[in-house]
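Here's the structure we're looking at; comments come further down.
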Amino acid sequence: MTRRLRAFAAFWYDFVIGDDWLVAAGVAAGLALTYALSRTVVPAWWLLPVLLVLLLPLSLWRATRRH
Amino acid sequence: MGNSALFIAVFLACAVEAVEATTIVLAAGTARDWRSAATGTGIALAVLVVIVAVLGPAVSDIPLRGLRLFVGALLLVFGLQWLRKAILRASGHKALHDEDKIFATQLSAAGERPRRQVGLVPDWYGFTLSFKGVLLEGLEVVFIVLTFGSNQHDVGLAAVAAVAAIAVVAAVGAAVRAPLSRVPENTLKFVVGIMLTGFGTFWGAEGAGAHWPGSDAALLVLIPAIAVLALALTAIMRRNAGRQRPAAVTGMPAAPLNTGAAAEGGRSA
Chain G
0 MTRRLRAFAA
10 FWYDFVIGDD
20 WLVAAGVAAG
30 LALTYALSRT
40 VVPAWWLLPV
50 LLVLLLPLSL
60 WRATRRH
Chain V
0 MGNSALFIAV
10 FLACAVEAVE
20 ATTIVLAAGT
30 ARDWRSAATG
40 TGIALAVLVV
50 IVAVLGPAVS
60 DIPLRGLRLF
70 VGALLLVFGL
80 QWLRKAILRA
90 SGHKALHDED
100 KIFATQLSAA
110 GERPRRQVGL
120 VPDWYGFTLS
130 FKGVLLEGLE
140 VVFIVLTFGS
150 NQHDVGLAAV
160 AAVAAIAVVA
170 AVGAAVRAPL
180 SRVPENTLKF
190 VVGIMLTGFG
200 TFWGAEGAGA
210 HWPGSDAALL
220 VLIPAIAVLA
230 LALTAIMRRN
240 AGRQRPAAVT
250 GMPAAPLNTG
260 AAAEGGRSA
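Chains as they are written, first to last, in numbering that gives the first Met the number 0: chain G, 0 to 66; chain V, 0 to 268.
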């Protein structure tokens, strides 16, 4: 039973989080910051694109460093 | 986002998943038993239809803003993971996705198992192999259809695009009865990674309360900008890979982007 639960959790972790947890964490943080910024008078649309420009190279750098 | 953009995005994403499922079914049919492989495929498709019938109306009932936040977050995570793998493959840091190799591996593994009849299924291993393959890849198709379709209030059109992609790939697979290695799957995945990231960014930000300048027209800037970023990163990493690890040593040649074997992503690959 425990093994099956663990396999189930591992499947969903792999399906949603994938190879680099930093990507998922970065996206969650980016959306939270976008929400916070949208409550102010400052435009919030630019935050996720900026995050992409930072997050993608960082994740690639981590992947190449690992190999 | 117009109907044609919705259709193209869903069609391409689902075609990629269909190629992977077809490879598994072809391996199960070739190495084991065609009837069992076909039965496994049919039952998996029936399960997927039930999942769509149950989840479809439920997803459509979620308030649009909440839906866009949830779907945007998932698409953004998926898209970035696809792009990450695609760039690593295109730059020679990761081996290219090879349907021929996957087919040979599946064929070899399938050939080693003893044949066992269960009920009306002549070969249980062939049945479960194709059932699992179609169900897992199909779940991704269902996710794509429901998320793209419900966000654009047109699940029907998204479903038609998915069925069209699956029908085309399945027809080609049935005709050639060989792995679809000539499909530029790596390039397709590079493109789909860009689209998923673009739509994920757009919907995620909208769901979180941001307003895009130009509304839907922002996608026309966002998606090409992500494509430029991905291509630039690929070029930089390919140059670095060439300096640090010659292809002859790594055994992983960088795929030229202009020949259609660019890149590949996708957690299921």
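Quick reminder that beta carbons are idealized off the backbone N, C-alpha and C, glycines included.
May I ask you to report which of helix, strand or coil DSSP gives residue i?
i: Val-41 of chain G; result: coil
i: Ala-160 of chain V; result: helix
i: Ala-45 of chain V; result: helix
i: Asp-99 of chain V; result: helix
i: Ala-209 of chain V; result: coil
i: Gly-17 of chain G; result: coil
i: Pro-62 of chain V; result: coil
i: Lys-93 of chain V; result: coil
Mind pulling the chain G residues with CB within less than 9 Å of residue i?
i: Arg-83 of chain V; result: Gly-17, Asp-18, Asp-19, Val-22, Leu-55, Ser-58, Leu-59, Ala-62
i: His-92 of chain V; result: Leu-59, Ala-62, Thr-63, His-66
i: Leu-68 of chain V; result: Leu-30, Tyr-34
Going along chain V, which residues have a C-beta under 9 Å from residue i?
i: Ala-43 of chain G; result: Ala-204, Ala-207, Gly-208, Ala-209, His-210
i: Thr-39 of chain G; result: What Thr-39 of chain G touches in chain V: nothing, since even the nearest Cβ is about 10 Å away.
Going along chain G, which residues have a C-beta under 8 Å from residue i?
i: Met-236 of chain V; result: Leu-59, Thr-63
i: Val-140 of chain V; result: Within chain G, no residue comes near Val-140 of chain V; the closest Cβ sits about 14 Å away, beyond 8 Å.
i: Thr-196 of chain V; result: Leu-51
i: Ala-72 of chain V; result: Val-26, Ala-27, Leu-30
i: Val-76 of chain V; result: Val-15, Ile-16, Gly-17, Val-22, Ala-23, Val-26
i: Leu-87 of chain V; result: Leu-59, Ala-62, Thr-63
i: Gln-80 of chain V; result: Gly-17, Asp-18, Asp-19, Val-22
Under 7 Å between beta-carbons, which chain V residues line up against residue i? List them in chain order, please.
i: Leu-47 of chain G; result: Thr-200, Gly-203, Ala-204
i: Tyr-12 of chain G; result: Here the premise fails: no neighbours, minimum Cβ distance about 10 Å.
Flag residue i as yes if its beta-carbon sits less than 9 Å from any beta-carbon of chain V, otherwise no.
i: Leu-1 of chain G; result: Note that residue 1 of chain G is Thr in the sequence shown here, rather than Leu. With 9 Å as the cut-off, Thr-1 of chain G does not count as an interface residue toward chain V.
i: Arg-5 of chain G; result: no
Taking 9 Å as the CB-CB limit, is residue i close to chain G?
i: Pro-223 of chain V; result: no
i: Ala-226 of chain V; result: no
i: Val-46 of chain V; result: no
i: Asn-332 of chain V; result: Since the first residue of chain V shown is 0 and the last is 268, residue 332 of chain V is not available in this structure.
i: Leu-232 of chain V; result: yes
Based on DSSP bridge pairs, tell me the residues matched to residue i.
i: Val-117 of chain V; result: V:Val-120
Is there at least one non-hydrogen atom of the ligand MG closer than 8 Å to the beta-carbon of residue i?
i: Leu-230 of chain V; result: As presented, the structure is devoid of all ligands, the ligand MG included, so that no description of it is given.
> Below 8 Å, can you find three or more Cβ-Cβ pairs linking the stretch 46 to 58 of chain G to the stretch 60 to 70 of chain V?
Replying inline: These segments do not touch.
>> Assess contact between the stretch 103 to 123 of chain V and the stretch 209 to 223 of chain V, defined as three or more Cβ pairs (one per stretch) separated by less than 8 Å. Is contact present?
In response: The stretch 103 to 123 of chain V, when compared against the stretch 209 to 223 of chain V, does not touch it at the 8 Å Cβ threshold.
> Quick one: any contact between the stretch 65 to 74 of chain V and the stretch 202 to 219 of chain V, if contact means 3 or more CB pairs under 8 Å?
Replying inline: Between the stretch 65 to 74 of chain V and the stretch 202 to 219 of chain V there are three or more C-beta pairs closer than 8 Å, enough to call the two in contact.
>> Closer than 8 Å is the cut-off here; do at least three beta carbon pairs connect the stretch 182 to 195 of chain V with the stretch 74 to 94 of chain V?
In response: Taking one beta carbon from each stretch, the stretch 182 to 195 of chain V and the stretch 74 to 94 of chain V have 3 or more pairs nearer than 8 Å; the two touch.
>> With a threshold of 8 Å, are at least 3 pairs of Cβ atoms found where one atom belongs to the stretch 16 to 31 of chain V and the other to the stretch 132 to 146 of chain V?
In response: Contact holds: three or more Cβ-Cβ distances are below 8 Å.
> Is the stretch 162 to 177 of chain V touching the stretch 71 to 80 of chain V, taking contact as three or more C-beta pairs under 8 Å?
Replying inline: Touching, no, given that fewer than three Cβ pairs across the two stretches are closer than 8 Å.
> Are the stretch 27 to 39 of chain V and the stretch 119 to 129 of chain V touching by the rule of at least three beta carbon pairs closer than 8 Å?
Replying inline: The stretch 27 to 39 of chain V makes contact with the stretch 119 to 129 of chain V; the number of CB pairs closer than 8 Å reaches 3 or more.
> With contact counted as at least three CB pairs below 8 Å, one residue from each stretch, are the stretch 153 to 161 of chain V and the stretch 2 to 17 of chain V in contact?
Replying inline: Contact check between the stretch 153 to 161 of chain V and the stretch 2 to 17 of chain V: three or more CB pairs, one atom from each, fall below 8 Å, which counts as touching.
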